[in-house]
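Data block below; observations after.
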Amino acid sequence: MKRSALLAPMLVLLTLATPTESLYAQYERPVDVAPTEEDIGSGYVTPAVQRPLPRSTLLNITDIVLLLGAMGISAWLGLVRRSRTGIVVLAIACAVYFGFYRKGCVCPIGAIQNVAVALTDPSYAVSYVVIAFFFAPLVLALLFGRVFCGGACPFGAIQELVVLRPVQVPRRLDKALGLLKYVYLALAIWFAVLPAVERDFIICRFDPFVGFFRRTGPAYMLIIGGAFLVLGMFVGRPYCRYLCPYGGLLAQLARFSWKGVTITPDKELDCGLCAESCPYGAIEKMRAVRTSCLSCARCYTACPRERAPARGDASVESHEATG
Amino acid sequence: MQYRQVRVISGKGSQPEQFATALRGIALDRTGALYAVGDSEVKVFDADGTLRRRWPTSKPGYCVAVDRDGTVYVGQERQVQRFDDAGKPLDAWRDTERMGLVTAIGLIEDNVLIADARDRCIRRYDKRGRFRNDIGKDNRTRGFLIPNGVLDLAIDAEGIIHAANPGRHRVERYSLEGQLLGRFGRFTGPDPRGFSGCCNPTNLTVTRAGRVVVTEKAGPRAKVYDATGKLLAIVANDAFDQNCKNMDVAVDAQGRIYVVDTVRLHICVFTPMDDRAASEPASAPAEGATKP
Amino acid sequence: MNHETTRRELLGHAVRGAGLLGLGGVAVYLTAKAGDEGVWVLDISKCVNSRLGATGIEACELCATSCVRPLSAVRAINDFEKCGRCYICPAYFDVMSEVDENGLPSAKLCPRDAIKREPIGWVDPDDPANNFYEYTIDEALCNGCGICVLACKDPSGLGSILLEVRYDLCLDCNRCSNAAACPDDAIDRKPLSRAGAPQRHPAS
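Top line first, the protein sequences correspond to chains D, B and W. Each residue of the first sequence is one higher than the one before, counting from -17 in my numbering. Each residue of the second sequence is one higher than the one before, counting from 5 in my numbering. Each residue of the third sequence is one higher than the one before, counting from 9 in my numbering.
Okay, structure coming up:
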């Protein structure tokens, strides 16, 4: 175990690399009568089979670095710089890169099932990229809360951008619906640990937004996605809050996070403007609830204390948020 | 001119008269007995299809030819094995440089013509196995174009070599010295007057009267041309398994056409339906008129 | 108060530390297994377009239409080492179309005109049939429909054109829609170590 831990970085470099010739299955040919280079003459050289190489190790590492960077910036913007504009820009950038450019794969949400399979099926493994994408946001959640949701997740970003006229979901209903994601998480793990023939990757199958990123997909997928976006105009981030199984994992880890969003820079006014500004119902008793705070930074813009004093005060140590 | 199928000889199986994995070449001797090679065996059939005798060859055979004196030549990978008329092995000719895969043998007077599919040309030997010259090698493609993997030849009554050049969709005629004397055929797509597909005809034989019987693959069929390249008859269109290719063909003195079905491992026999074709004008009897 | 805070902080550190250790442990366990994860592999001996013996059929074009990529991650390749370089290639030409004045079929087979044809080697200026021709598939145009694969299959061709998963485009979906659509189960996920014996280097 220890040795493999030490070897891991080296192995990453080795095996993120091109899965080479072994991918191409053997084919018993009936005859072998192709003309040789000598037959063809005039210095003809048989060209190599055009075989585009898989995504390079470097690009895979770039993805991981970009994810870590996005989450780092998200944490900085949300917890230190307290910039709503910055968060929006970051979210758009991540939606463009991880969503539209990378077509929503690899994503940590779907990786739940792959990781579950890899933990239970000895013949199944997940790649280093999947491991990195699955674990990095969890570690960041332990440190800074759900900063992945706030700035790095393309699904979050696409919903963040459609929030138009959010209503405050009644607290009890909100809490009840919030339990759905744990049901979904349990179902996802159940379907993942089934024997290989019955295994079903339900998270990917019912992924609501990946069809938009790929601009193609089964009709039901696009319809579910469209419904979530329309709903998302009035109910902030419905998928993240009520259904995202990875959000459930992050929420439970964020409960114990080291730092978290603190709304007022120094002393609260008890004005409640922040709570009204939060489309996700994540502010209770003037404090951001770490399990449901998505680090979107809207509350700062609503806070009179944030606007009034000099910016320099922003980093002043303030009240702990409730856990 | 029309033909009808009258008989099927041999087949796939483990019986003595059947072939288990492959049936590749046929030839007729002067008496009308049918020699078939496949697996690693030579089988001799009567005209009615009964097995007369059989004997093993040292390697899987690709073609067979029978000389006037009854000597049987079997073309194999890297060698030609000879047997006497009773099936007793006489000798084996090996020529590492010139015999890659022997897929056709023609016999005329003192000449043994061997088609080498590996090097895509015809080798001329004498009956003692001494090499004389190459035929069909001296061109820009360094030989015949045989993407089908088999080179076939036949010799007519005048000693002229007919060779299939399927990549060019032609039948070519050569002198024994290797001079190109003439050719016919071109690609005509769906029109049966010419040849179809990537590489046809794959196999051929010549009748005593100089008519050329060819077989094509994809879809498999047999056709008869006159010496000028005019299509006389389509022998069969749908008698063969669709996956057949390189179907060897032979014709006897009565004008009956024998075609190998290389998938079902049997030999289809077709007979002309009108008497005129059956009694085609006889010319000088020729050795090797029925090519391997 | 101070004492209380310290205790709470300590407890928090302990929980976080335990959490990090736990996550790290699971990650290390998975890392030890990683490197042998599966990829989607198209088995040409199952694909009806290349499976020997399946003749006289229409090409199965599901790989072109099922993939989640706009241009399918399955495409045809021409294995130049096996290509017969025919004068009339049944995968390039529609060999059942009428013959034009040059003696060539008048129509091409590829619906996207993705195959290029070039004479190579010693080119005979007088006889176009007296040459070898190189057939190259334009990977930017090929959508993996497999029509040419079927036409090149033995016995009508040499079977040098085959369908393959392009790993630069394949998103490695957990649910491959080509695999789900394939009536022959020709696309399956195989661990790298079991994806078949080495045949040749892709770009050597």
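All C-beta atoms, glycine included, are put in the ideal place defined by N, C-alpha and C. It should be emphasised that the depicted structure is a prediction, and the values quoted were computed from it without experimental measurement.
Would you please state the rounded distance, in angstroms, between the beta carbons of residue i and residue j? I believe it to be under 8 angstroms.
| i | j | result |
| --- | --- | --- |
| T206(B) | A158(B) | Not confirmed; about 13 angstroms, so no contact. |
| A100(D) | V111(D) | No, A100(D) and V111(D) are not in contact; Cβ-Cβ is about 13 angstroms, not under 8 angstroms. |
| N241(B) | K221(B) | Contact doesn't hold; Cβ gap of about 13 angstroms is too wide. |
| P188(W) | L50(W) | In the sequence under discussion, the amino acid at residue 188(W) is Ala, which differs from the Pro named in the question. That pair is no contact at about 14 angstroms. |
| R8(B) | M277(B) | 6 angstroms |
| D50(B) | G74(B) | Between G74(B) and D50(B) the Cβ distance is about 16 angstroms, and since that is not below 8 angstroms, they are no contact. |
What does a CB cutoff of less than 6 angstroms around residue i pick up in its chain, not counting 5 residues either side in sequence?
| i | result |
| --- | --- |
| G214(B) | D160 and A231 |
| D71(B) | L111 |
| G46(W) | R197, K198 and P199 |
| F135(B) | Y129 |
| I265(D) | C256 and A257 |
| R197(B) | L235 |
| I46(D) | A114 |
| Y106(D) | V99 and A100 |
Excluding five sequence neighbours on each side, which residues of the same chain lie with their C-beta closer than 7 angstroms to the C-beta of residue i?
| i | result |
| --- | --- |
| G54(D) | none |
| C285(D) | I245, T246, L255 and C256 |
| D146(W) | A122 and K124 |
| Y166(D) | L225 and P227 |
| R24(W) | none |
| C260(D) | R280 and C281 |
| N151(W) | A72, L79, S80 and R120 |
| C202(B) | P151 |
To the nearest angstrom, report how far apart residue i and residue j are at their CA atoms.
| i | j | result |
| --- | --- | --- |
| G60(D) | C281(D) | 10 angstroms |
| F87(B) | V76(B) | 5 angstroms |
| Q6(B) | V273(B) | 13 angstroms |
| S53(W) | C87(D) | 29 angstroms |
| H166(B) | G199(D) | 59 angstroms |
| P136(W) | D256(B) | 37 angstroms |
| G140(B) | G42(B) | 27 angstroms |
| V217(B) | V131(W) | 31 angstroms |
| P93(B) | D33(B) | 18 angstroms |
| P224(B) | G25(D) | 37 angstroms |
| A118(D) | V70(D) | 21 angstroms |
| G163(B) | S14(B) | 32 angstroms |
| L117(B) | R127(B) | 6 angstroms |
| C55(W) | D192(W) | 6 angstroms |
| R59(W) | D102(W) | 21 angstroms |
| A67(W) | I155(W) | 5 angstroms |
| V76(W) | V145(D) | 28 angstroms |
| F137(D) | C71(W) | 28 angstroms |
| Y83(D) | A40(W) | 30 angstroms |
If you drop the 5 nearest sequence neighbours on each side, which residues of the same chain put their C-beta closer than 8 angstroms to that of residue i?
| i | result |
| --- | --- |
| L235(D) | L120, A123 and L124 |
| D252(D) | M268 |
| V151(D) | L159, V217 and G263 |
For residue i, count the other beta carbons within 10 Å of its own beta carbon; 16 or more makes it buried, fewer makes it exposed. Which is it?
| i | result |
| --- | --- |
| Y202(D) | exposed |
| N138(W) | buried |
| T273(D) | buried |
| T102(D) | exposed |
| K267(D) | exposed |
| L185(B) | exposed |
| T13(W) | exposed |
| W240(D) | exposed |
| P104(D) | exposed |
| V10(B) | exposed |
| G36(B) | exposed |
| I140(D) | buried |
| D108(W) | exposed |
Is residue i near residue j, with beta carbons less than 8 angstroms apart?
| i | j | result |
| --- | --- | --- |
| N86(W) | S185(W) | no |
| S277(D) | G81(D) | no |
| A26(B) | S62(B) | no |
| R190(B) | G92(W) | no |
| W59(B) | G79(B) | no |
| Y39(B) | V68(B) | yes |
| V267(B) | T219(B) | no |
| G171(B) | L149(B) | yes |
| C125(B) | D114(B) | no |
| V15(D) | G153(B) | yes |
Strictly below 9 angstroms CB to CB, what residues from chain E border residue i?
| i | result |
| --- | --- |
| S18(B) | In the structure shown, chain E does not exist; the protein chains are D, B and W. |
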